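Numbering (this note's numbering), first residue to last: -3 to 594.
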């Protein structure tokens, strides 16, 4: 039995082939002849028709050919259909048999194919050379239609065609209005996907100053999203309220506001605003057209978490299934023993289970992974399996807040439970678990990922414990965990521990050197602090200048990592720590030092 999706895909391919034939000539007859000779066979095959007689085949070719031609926006006819007259019952049959139509093809009752000229336009435009799209008479077609075509092309990896189709709209700003909102959104997405930030910024600025308030509101909504993604939450709210003033009746504002509140972790306000927007929506005469948004609002009123869950369920149901599976898992119970060397170094045991090779050979599809895991429940205690799942989650593109709450937190807690279980099950008092051993690296990666997750939850105590554990296990600290730990010590007033950390890593990079001076200042050991600051400035002179400056210009990022002693390294330290220097009063002290030395 043929799957319905396969049938639709085959019919679409048959139609594309028919359009390709039709565009070869401005006249109808060559196309109709081509349909009879070979074009019709693709349709018959796609429909799964069996035992089609020669006369039936002729009738299908004639009826389909005429229907396609009558709806074809042919470039040779100024992108308008050139309809063929319908045959009368007593007219000669168009198939060429010589019989009357009523005695020939009409007797088969072949239904006309449900086509629309607008739907055919996308196929026609795909066959045009990219240059020809520039001369396409787009004013004749609704901008919303062309935006839909551009969006479909973008989804199918044809972003350059999307640009060629939609960019000319914005070459004449005075003609833009609400109908171009969709084209604006699609172009913004295309520029993002194709890596064209300058064009994206220019388009946003153009539409922010558009004469039409509806288009301005759409641009403000996008500016809101851009600012939020950049971490400018205050600016995002400013853009949102500006969009609301421009077009207060747009129901799409509701989802944007709920998304902002959700990211801020404000469930009660989400409920309140969902109720407000739903009441407002229900008063609209066109409320039925906004049923999807109304459903989201009701779900959010019931449980604010449904906002994220509903989005994920629509776009990534496999990840919803993973979340449900993780909630029902029993605690880890399989703890192999570490290999411990004479010097106390531990090495993660190589897993030799037969199923591991199967896991590594899976194609990476999460649905297949979950089906496989259902048959191999012990695999949930494998670090190789957990590492693969964490990678899948991080690469999913889903909102990080939802991933943290529903997937990453559960997975990384399991990682730590497996690790501590294995450590406890190992005799011989292992001391270190170092990066230098290849078999340890995937486990250390996961433990570092857990530390980053804890940091996002703003759980300082657990973060400090996790960071200290990582430094104890891997004192070489290939990932500069010491910098994060130092920042946590300073933020929580643990100045003695911050100062002690530097003694373990003397002659280190800029972060720990300046952190030590700040820690000693916090301990009121001013003489030692001054000496530490002098050493830090001697080894990293650009940092102090950047730290005390009022409004320094952000330097360009270094091309390959962070250059030691460079402007960007100094900027990163300022961004991470200046507030701590200011809070403790150490910034004024550092300014005085800078004046004396210069």
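Quick reminder that beta carbons are idealized off the backbone N, C-alpha and C, glycines included.
Every value quoted in this text rests on a predicted model; they were computed, and no experiment measured them.
- request: For the alpha helix (DSSP H) containing residue 204, list its first residue and its last residue.
  value: It spans 193 to 204 - the alpha helix (DSSP H) in which residue 204 sits, taken as one unbroken run.
Neighbourhood of residue 283 by C-beta, 8 angstroms cutoff - its chain only, sequence neighbours within 5 removed: So the list reads 277, 290, once near-sequence residues are dropped.
query: Given that a residue counts as buried once 16 or more other Cβ atoms are within 10 Å of its Cβ, and exposed if not, what is residue -3?
result: No answer about residue -3 holds up, because its pLDDT of 34 lies below 50 and its placement is not dependable.
Secondary structure, alpha helix (DSSP H): runs of 4+ residues fully inside the region 336 to 382: Annotation note: the region 336 to 382 contains the following uninterrupted alpha helix (DSSP H) runs of length 4 or greater, listed N- to C-terminal: 350 to 356, 362 to 371.
query: Between the C-alpha atoms of residue 8 and residue 60, what's the straight-line distance to the nearest angstrom?
result: Straight through space, the alpha carbons of residue 60 and residue 8 are spaced by roughly 13 angstroms.
query: Are the region 427 to 441 and the region 449 to 461 in contact at 8 angstroms, needing three or more beta carbon pairs?
result: No: the two stretches stay apart, fewer than three of their Cβ pairs being nearer than 8 angstroms.
message: For residue 300 and residue 131, what's the separation of their Cα atoms in angstroms?
response: C-alpha separation (whole angstroms): 49 angstroms.
query: Taking all protein chains shown into account, do 16 or more other C-beta atoms lie within 10 angstroms of the C-beta of residue 356, making it buried, or fewer, making it exposed?
result: Residue 356 comes out exposed.
Identity of the residues DSSP links to residue 70 by a beta bridge: Secondary-structure assignment with DSSP links residue 70 through a beta bridge to 76.
- prompt: Are the Cβ atoms of residue 483 and residue 573 separated by less than 8 angstroms?
  reply: Annotated as proximal: residue 483 and residue 573, with beta-carbon spacing under 8 angstroms.
message: Helix, strand or coil, according to DSSP, for residue 428 in the structure here?
response: DSSP, reduced to helix, strand and coil, places residue 428 within a strand of the structure shown.
- request: List in chain order: all unbroken alpha helix (DSSP H) runs of 4+ residues lying wholly within the region 508 to 575.
  value: Counting whole runs of 4 or more residues, the region 508 to 575 contains the alpha helix (DSSP H) stretches 522 to 535, 537 to 544.
query: So what does residue 96 bridge to, in DSSP terms?
result: Residue pairing from DSSP places residue 96 in a beta bridge opposite 88.
- request: Could you tell me the distance, in whole angstroms, from the CA atom of residue 243 to the CA atom of residue 233?
  value: The C-alpha of residue 243 lies about 15 angstroms from the C-alpha of residue 233.
message: Checking 8 angstroms against the spacing of the C-beta atoms, do residue 67 and residue 103 come in under that value?
response: No, the pair does not count as a contact, with Cβ atoms beyond the cut-off.
query: Under three-state DSSP, which class holds residue 15?
result: Taken through DSSP and simplified to helix, strand or coil, residue 15 comes out as helix.
message: Could you compute how far the alpha carbon of residue 595 sits from the alpha carbon of residue 247?
response: Here the chain covers residues -3 to 594 and nothing more, so residue 595 does not appear.
message: Along the chain, where does the alpha helix (DSSP H) containing residue 314 start, and where does it finish?
response: Boundaries of the alpha helix (DSSP H) around residue 314: 313 to 323.
- request: Could you tell me whether the Cβ atoms of residue 96 and residue 88 are closer together than 8 angstroms?
  value: A Cβ-Cβ contact shorter than 8 angstroms links residue 96 with residue 88.
query: In the structure shown, what three-state DSSP assignment does residue 463 receive?
result: In this structure, residue 463 counts as helix in the three-state DSSP scheme.
message: Between 193, 183, 222, 238, which has its C-alpha nearest residue 209's C-alpha?
response: When only C-alpha atoms are compared, the closest one is 238.
query: Where does residue 386 sit, in a helix, a strand or coil, going by DSSP?
result: Note: residue 386 maps to helix in three-state DSSP.
field: Other residues of its chain near residue 590: CB distance less than 8 angstroms, five sequence neighbours each side excluded
entry: Cβ neighbours of residue 590 within its own chain (closer than 8 angstroms, five residues either side excluded): 540, 541, 544.
- request: Name the residue from 462, 369, 27 whose alpha carbon lies nearest to the alpha carbon of residue 408.
  value: Between residue 408 and the set 462, 369, 27, the nearest pair of CA atoms involves 462.
- request: Just mark residue 34 as buried or exposed, buried being the case when its beta carbon has 16 or more other beta carbons within 10 Å.
  value: Residue 34 should be labelled exposed.
- prompt: Anyone know if the C-beta pair for residue 509 and residue 536 falls short of 8 angstroms?
  reply: Yes. Within cutoff.
- prompt: Using 8 angstroms as the Cβ pair cut-off and three pairs as the minimum, do the region 418 to 425 and the region 331 to 347 touch?
  reply: They touch, by the three-pair rule.
- prompt: Closest to residue 84 by CA distance: which of 69, 100, 77 is it?
  reply: Of the listed residues, the one whose Cα sits closest to residue 84 is 100.
message: Does any residue of chain B have a CB that is nearer than 8 angstroms to the CB of residue 271?
response: The structure shown contains no chain B; it is built from a single protein chain.
- prompt: Roughly how many angstroms separate the alpha carbons of residue 146 and residue 135, rounded to a whole number?
  reply: Rounded to the nearest angstrom, the two C-alpha atoms are 15 angstroms apart.
task: Could you work out which residue in 582, 54, 249 is closest to residue 520 when comparing CA atoms only?
output: For residue 520, the closest C-alpha among the options 582, 54, 249 is that of 582.
message: Counting C-beta neighbours from all protein chains within 10 Å, is the total for residue 165 16 or more, i.e. buried, or is it exposed?
response: Burial call: buried.
query: Got a sec? Which residues, its chain only, sit under 8 angstroms from residue 447 by beta carbon, not counting five neighbours each side?
result: 459, 462, 463, 466, 477, 480.
- prompt: Which residue's Cα is closest to the Cα of residue 115: 15, 27, 47?
  reply: Among 15, 27, 47, the Cα nearest to that of residue 115 belongs to 15.
Reference residue 6, options 23, 25, 40, closest by Cα: Taking residue 6 as reference, the option from 23, 25, 40 with the minimal CA-CA separation is 40.
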